[in-house]
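Engineer: All letters in the sequence shown, in the order written, are residues 6 to 140 by the working numbering.
Built from N, CA and C at the ideal position, the CB exists for glycine as well.
Just so you know, these numbers come straight off a predicted model, no measurement behind them.
Provided herewith is a single structure, encoded as structure tokens, for subsequent inquiry.
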Amino acid sequence: MSIEAAWREAVRAALAADTLWAATVNRIGDGESEGAPVPSAWIGDCIGSDWGAKALPGRELRLGLTILDRGEGERIAALSAAAEAALMAMPRGLTGSDGGAWDSSGPLVTRVRMTRRRDGTRVAMIDVRLRAWRV
């Protein structure tokens with residue numbers, strides 16, 4: 006498993022372990038599913054690029070989390086806040102596909118957007134960045 010795939014799975018596990026998410030979210034998928042009951046969420050593609058500091062080779066990883074819900078917006082706001090807290094509490098270490106250990110500065114939420122579609126579906130989009138280096 007690449008470092009990108011390892012981080013994506015770690016994000017999924019962190020969200021699934023959150024008490025509010027476990028009790029509320031019907032599905033954490035890999036893409037929007039038309040038939041999934043709301044609230045539901047999906048983790049977008051994890052994009053990795055070269056990054057490093059001096060003699061530390063590393064990767065900058067970015068991914069997006071999307072949450073769908075209906076209603077007045079309080080629940081999606083609570084789910085968004087819980088997701089941010091779960092992401093910030095993630096362990097800093099990861100293991101890549103070659104078994105190598107990676108350390109990180111910890112996830113950083115770079116942008117949060119909330120909107121409402123014409124059909125009344127509320128959407129929260131959370132963009133997250135992680136800078137990791139081999140140890």
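#1: Counting beta carbon pairs with one atom in the stretch 6-20 and one in the stretch 95-105, are three or more of them shorter than 8 Å?
#2: Under DSSP, the beta strand (DSSP E) around Thr115 begins and ends at which residues?
#3: I want to know whether the stretch 103-120 touches the stretch 42-52 - three or more CB-CB distances under 8 Å.
#4: Given 8 Å as the limit, is there contact between the stretch 78-86 and the stretch 12-19, that is, 3 or more CB pairs closer than that?
#5: Considering only the beta carbon of each residue, do Ile131 and Glu89 sit closer than 8 Å?
#6: Thinking Thr24 and Pro44 are a contact (beta carbons under 8 Å), I'd like their distance in whole angstroms, please.
#7: Which residues in the same chain as Pro96 place their Cβ atom closer than 8 Å to its Cβ, once the five residues preceding and following it in sequence are excluded?
#8: Does the beta-carbon of Arg13 have 16 or more other beta-carbons within 10 angstroms, so that it is buried, or is it exposed?
Structural biologist: On the basis of the supplied data:
#1: Touching, yes, given that three or more Cβ pairs across the two stretches are closer than 8 Å.
#2: Counting from one through the sequence shown, the residue named residue 115 turns up at place 110. Residues Leu113 to Arg121.
#3: no
#4: no
#5: On the sequence shown, position 126 is the one that residue 131 refers to. On the sequence shown, position 84 is the one that residue 89 refers to. Cβ distance < 8 Å, so Ile131 and Glu89 count as in contact.
#6: Locating residue 24 in the sequence shown gives position 19, counting from the first residue. Locating residue 44 in the sequence shown gives position 39, counting from the first residue. Not really, about 15 Å apart at Cβ, beyond 8 Å.
#7: Residue numbering aside, residue 96 sits at position 91 when the sequence shown is read from its first letter. Only Ala15 meet the Cβ criterion.
#8: Counted from its first residue, the sequence shown places residue 13 at position 8. Label assigned to Arg13: buried.
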